[in-house]
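Read the structure below first, then the notes.
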Amino acid sequence: MELATQSGISLPTIQNIESGKANPSLEILTRVLNVLGLEIKFSVPGFQVEFAVLLGVPLSANQLTTVIKPSRSLLLSEARKWTHYFKENVFSDREALAITSFLCALKDYWPSIYSQIECPFFNKLISISRTNGHLIKLRRIAIANLSTYL
Amino acid sequence: MINSKLMKKFVAKVLSNLEGEWVVIGGTVLSLLGIDERVTMDIDMVSINNKQRNSQSIKLMEIAESLGLPVEAINQAGEYFLSKVDGFQDHLILFAESKKCKIYRPDAYLYLKLKLARSSETDISDCLTFLRHNKNEASILKKEIHKLLKQFMKSASPDKQKRLLEIDGLLNL
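The following block contains the structure:
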């Protein structure tokens, strides 16, 4: 009752939210949470090494626990997140090199899929890293991994 | 990056510095044949019938380095895949030779056999380029290549099947 009064939301709506019957809008939810001293925050999830390894990025991870299969759509959605991680400096040097080699493999061997990522930043990254010997080696592993599902 | 100009220099150095028999495979074959439709990052060159394989491989890397390439550009993993092809020796074409060294390239059949196992978009486009530039060879080996395509079609994903059909289409022109 107090929550309803303080948030200005009707008691039946509050009751419906509590019982899981209502599907409140973000605005309603924010008003309820404000009264409780809480707030909603959105954030991009951290880099998931497990998914990257699953997709064929030449990195090592602990035993894979996911049951998801690598696919073109998973690749595209993960690769789009990597743009953000690069810009936010989320990756270690080793991770950055592995991801770059993977993108390089994709660009060179499956160009039509690579083009769907639509990221000029990656193009720049690949072009400045191409002569790196480690990248050349990692790229070969990435090509072999990608060819198992593309 | 490896293009036909660099490959020319590479071949000249190999002929004067190395011994034994070598096969160029993969995307590098296109550069070897003077085709620059795409550049590659590595040189797939493997040794056959070579007793001094290790020391020769080091020399090969030294040649790469002398041309400004990273030593990692030399890729010899193809030796494994080549060894898995029964009678691959029958599908080699002598490309260049010196007193001590011979360089071979695969014929159309062997080139496709090695490329189609992966069948990426670029592998298929390399095969198409190879066949367009070696029409006589493709025509002579047409029957064998058709058989090969059929074989790969069976286990290929729908995406790969689509790509393999492009080669079939070219052969039927």
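So the protein sequences, as listed, match chains A and B.
Following the numbering used here, the numbering of the first sequence begins with 422 at its first residue and continues without gaps.
Following the numbering used here, the numbering of the second sequence begins with -9 at its first residue and continues without gaps.
Cβ atoms here follow ideal geometry from the backbone N, Cα and C, with glycine treated the same way.
Of the residues Leu155(B), Phe85(B) and Ala128(B), the one placed nearest Val14(B), counting alpha carbons only: Nearest of Leu155(B), Phe85(B) and Ala128(B) to Val14(B), Cα basis: Phe85(B).
Neighbouring residues, chain B, relative to Asp529(A) (Cβ below 7 angstroms): One finds Thr112 in chain B with Cβ atoms closer than 7 angstroms to the Cβ of Asp529(A), taken in chain order.
C-beta neighbour in chain B for Pro491(A), strict 9 angstroms: Not closer than 9 angstroms to any Cβ of chain B, the Cβ of Pro491(A) fails to qualify, so no.
Coarse secondary structure for Arg501(A), derived from DSSP in three states: Looking at Arg501(A) - three-state DSSP - the assignment turns out to be helix.
Range covered by the alpha helix (DSSP H) that runs through Phe142(B): Run containing Phe142(B): Lys132 to Ser145, per the alpha helix (DSSP H) assignment.
Any 3 or more C-beta pairs closer than 8 angstroms across the segment 46 to 55 of chain B and the segment 122 to 140 of chain B: Contact between the segment 46 to 55 of chain B and the segment 122 to 140 of chain B is absent, with fewer than three C-beta pairs closer than 8 angstroms.
Presumed contact (8 angstroms Cβ cut-off) between Met51(B) and Ile64(B), rounded CB distance: So it is a contact: roughly 5 angstroms between Cβ atoms.
Beta-carbon proximity of Ile114(B) to Glu156(B), cut-off 9 angstroms: By the CB criterion at 9 angstroms, Ile114(B) and Glu156(B) fall inside the cutoff.
Residue range of the alpha helix (DSSP H) that includes Ile48(B): Residues Arg43 to Ser56.
Chain-ordered residues of the segment 62 to 80 of chain B with a beta carbon less than 9 angstroms from chain A: Answer set for the segment 62 to 80 of chain B: Glu62, Ala63, Asn65 and Ala67.
Whole-number beta carbon distance between Ile534(A) and Leu614(A), since they are thought to touch under 8 angstroms: Because chain A in this structure spans residues 422 to 571, residue 614(A) falls outside the shown range and cannot be described.
Close beta carbons around Ile564(A), own chain, < 6 angstroms, minus the five adjacent residues each side: Here the set comprises Ala526 and Tyr530.
Meets three-Cβ-pair contact criterion under 8 angstroms: the segment 1 to 17 of chain B and the segment 67 to 76 of chain B: The answer is yes - the segment 67 to 76 of chain B touches the segment 1 to 17 of chain B, with three or more Cβ pairs under 8 angstroms.
Neighbour list for Asp32(B) in chain A, Cβ cutoff strictly below 8 angstroms: By Cβ distance, chain A contributes Ile557 and Arg561.
Span separating the alpha-carbon of Leu138(B) from that of Lys103(B): Spanning the two alpha carbons is a distance of roughly 7 angstroms.
Per DSSP, cross-strand counterpart(s) of Asn65(B): Asp34(B), per the DSSP bridge assignment.
At least three beta-carbon pairs within less than 8 angstroms, the segment 446 to 455 of chain A to the segment 486 to 496 of chain A: Flag = no, the segment 446 to 455 of chain A and the segment 486 to 496 of chain A do not touch.
Enclosing alpha helix (DSSP H) for Val29(B) [first to last residue]: Per DSSP, Val29(B) lies in no alpha helix (DSSP H) segment and is marked neither H nor E.
Sufficient close CB pairs (3 or more, under 8 angstroms) joining the segment 91 to 108 of chain B to the segment 117 to 130 of chain B: In short, these stretches touch, since the Cβ pair count reaches three.
Boundaries (first-last residue) of the beta strand (DSSP E) holding Ala86(B): Its beta strand (DSSP E) spans residues Leu82 to Glu87.
Beta-carbon neighbours of Leu571(A), restricted to chain B and to distances below 9 angstroms: By Cβ distance, chain B contributes Ser110, Glu111, Ser147, Asp149 and Lys150.
Outcome for His394(A) when other beta-carbon atoms lying within 10 angstroms are tallied against a minimum of 16: This structure cannot speak to residue 394(A), because chain A is shown only from 422 to 571.
Cβ distance (whole Å) where Arg560(A) is taken to contact Ser522(A) below 8 angstroms: Correct: roughly 4 angstroms between the Cβ atoms.
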